[in-house]
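Here is the structure we will look at, set down as structure tokens.
There are 2 protein chains.
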Amino acid sequence: MLIGFIILGSEAIMVYKVFPGLSHDTAKLTHLILHAIAIVLGAVGIYCAFKFHNESGIANLYSLHSWLGIGAISLYGIQWIFGFVTFFFPGAAPDVRRGALPWHALFGLFVYVLTLATAELGFLEKMTFLQSSGLDKYGAEALLVNFTALVVVLFGAAVVVAAVAPAAKVEEPEGYAPIPVIG
Amino acid sequence: MLIGFIILGSEAIMVYKVFPGLSHDTAKLTHLILHAIAIVLGAVGIYCAFKFHNESGIANLYSLHSWLGIGAISLYGIQWIFGFVTFFFPGAAPDVRRGALPWHALFGLFVYVLTLATAELGFLEKMTFLQSSGLDKYGAEALLVNFTALVVVLFGAAVVVAAVAPAAKVEEPEGYAPIPVIG
């Protein structure tokens, strides 16, 4: 669930850059739908964490992992609602949109990095619990988890680079230029 | 030590934006000296971690905190050497500098966020160790550590915003403009 959250959120961030040929409206719709699915997956994942804790008699919401995680999903939701209202429906005035867009992108990247940091905290926390119950500190599981965490860091860095890189230029085929869509 | 590492590194990142009145050369020298002190403090901090582990019979370099930390300080050092050679001495050709600058800034922010993530992992790891030895999960120490970790996240976000924000315009006093310094 939380892997799906991060992967779909990443795809949503990259949709404007990975498919420069998409029309602006299609890219925007894909962006908001992917983020919506990511939020639902994230919420289900957090529900499962509470369910597991309650059924195993583990305390809730005491660790930094849980604090940053609740913060990240809350900001993710606020960011989605803000983006929906400003850029989709009902939509703000053009100059408000223009002013809000860089902040939408910057705050979105902040929330994205916060979800990555929360994932890293989760990897560490789970391994610390297992290792204090006797799991080998240099064993195969430990290496697998740490390397997975490194892959998440590198993947996240690649997503951020894709998001901040200048947009690819789309060559118009045969000199044909579509009528620009407003909004 | 590691708090000094993060604070001095942050100041070094912000020096171009917080003091827009500094000459370019002064700002650059301050940037590289602050980062150099930050690296030394970070290295001393890591030396102390190994010393404490060895004297207490704790295993070294098994956790994600240590892995990301070693990665972060190594990349920090590489970034410093690369920046020194390219922008300070002997210095690259002007068009190489121009091409390298945005990558220097982007990679620098990546390494900075990596140090922040490592600090968060350190807070979590230390608290998990203390709490599995019986420290109260919702006690004053736990809240203090978690709120400190939140302050580090917010401070880091503020530093990144300061770094990516457009530069402040410096008004020339009394119509006097200094001779621009080359380099």
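Keeping their order, the protein sequence lines are chains A and B. Per our numbering, the first sequence runs over residues 3 to 185. Per our numbering, the second sequence runs over residues 3 to 185. C-beta: ideal position from N, C-alpha, C; glycine also. None of these values were measured; they are calculated from a predicted model.
Partners in chain B for residue i, counting only beta-carbon separations shorter than 7 Å
| i | result |
| --- | --- |
| A:His-67 | Leu-126 |
| A:Asn-148 | Leu-66 and Trp-69 |
| A:Ser-134 | Ser-134 |
Supposed close pair residue i, residue j - CB separation, criterion 8 Å
| i | j | result |
| --- | --- | --- |
| A:Trp-82 | A:His-37 | 5 Å |
| A:Lys-19 | A:Ala-167 | 7 Å |
| A:Ser-94 | A:Phe-125 | It is worth fixing the name first, because residue 94 of chain A is Ala in this sequence and not Ser. That pair is no contact at about 39 Å. |
Alpha-carbon spacing of residue i relative to residue j, whole angstroms
| i | j | result |
| --- | --- | --- |
| B:Ile-72 | A:Leu-145 | 16 Å |
| B:Val-42 | B:Gly-79 | 10 Å |
| B:Gly-85 | A:Phe-149 | 29 Å |
| A:Leu-137 | B:Ser-134 | 15 Å |
| A:Gly-44 | A:Glu-127 | 18 Å |
| B:Thr-130 | A:Leu-132 | 12 Å |
| A:Leu-108 | A:Glu-143 | 36 Å |
| B:Val-98 | A:Val-147 | 39 Å |
| A:Ala-164 | B:Val-87 | 27 Å |
| A:Cys-50 | A:Phe-89 | 32 Å |
| A:His-55 | A:Ala-61 | 7 Å |
| B:Arg-100 | A:Ser-58 | 57 Å |
| B:Ala-169 | A:Leu-156 | 29 Å |
| B:Phe-21 | A:Ser-25 | 43 Å |
| A:Pro-96 | A:Pro-104 | 14 Å |
| A:Ala-29 | A:Ile-35 | 10 Å |
| B:Ala-102 | B:Leu-111 | 14 Å |
CA nearest to the CA of residue i, picked from the options
| i | options | result |
| --- | --- | --- |
| B:Phe-7 | B:Leu-118, B:Glu-143 and B:Phe-149 | B:Leu-118 |
| B:Ile-9 | B:His-55, B:Phe-112 and B:Val-154 | B:Val-154 |
| A:Tyr-140 | B:Ser-68, B:Ser-58, B:Lys-30 and B:Cys-50 | B:Ser-68 |
| B:Phe-91 | B:Pro-104, B:Leu-156, B:Leu-31 and B:Ala-169 | B:Leu-31 |
7 Å Cβ shell around residue i - same chain, five flanking residues per side excluded
| i | result |
| --- | --- |
| A:Gly-11 | His-37, Ala-40, Tyr-114 and Thr-117 |
| A:Leu-66 | Leu-123 |
Chain-ordered neighbours of residue i on chain A, where CB pairs are closer than 8 Å
| i | result |
| --- | --- |
| B:Val-113 | The contacting residues do not exist; B:Val-113 stays about 10 Å from chain A at best. |
| B:Val-166 | Leu-108 |
| B:Ala-144 | Tyr-64 |
Sequence-distant residues of the same chain with beta carbon closer than 8 Å to residue i, five excluded per side
| i | result |
| --- | --- |
| A:Val-161 | Ser-12, Ile-15, Met-16 and Tyr-114 |
| B:Leu-63 | Trp-69 and Ile-72 |
| B:Ile-106 | Looking at the sequence shown, residue 106 of chain B is not Ile but His. Excluding sequence neighbours, B:His-106 sits near Gln-81, Phe-84, Gly-85, Thr-88 and Phe-89. |
Neighbourhood of residue i by C-beta distance below 6 Å, restricted to the same chain and skipping five residues each side
| i | result |
| --- | --- |
| B:Glu-120 | The residue you asked about is not Glu; residue 120 of chain B is Thr in the sequence shown. Hits under 6 Å: Leu-70, Gly-71 and Ala-74. |
| A:Leu-4 | Gly-47 |
| A:Gly-158 | Leu-118 |
| B:Leu-77 | Val-113 |
Contact list for residue i against chain A, beta-carbon separation under 7 Å
| i | result |
| --- | --- |
| B:Tyr-140 | Tyr-64 |
| B:Thr-117 | Under the 7 Å cutoff, chain A gives no residues; its nearest Cβ is about 12 Å from B:Thr-117. |
| B:Ala-29 | Within chain A, no residue comes near B:Ala-29; the closest Cβ sits about 23 Å away, beyond 7 Å. |
Interface residues of chain B facing residue i [CB-CB closer than 8 Å]
| i | result |
| --- | --- |
| A:Met-129 | Ser-65 and Leu-66 |
| A:Ala-159 | Phe-112 |
| A:Ala-61 | Lys-139 and Tyr-140 |
Per-residue contacts from residue i into chain A (C-beta, under 9 Å)
| i | result |
| --- | --- |
| B:Ala-121 | Result: empty, since nearest Cβ-Cβ is about 10 Å, beyond 9 Å. |
Contacts of residue i in chain B (Cβ-Cβ under 9 Å)
| i | result |
| --- | --- |
| A:Leu-152 | Leu-66, Trp-69, Leu-70 and Gly-73 |
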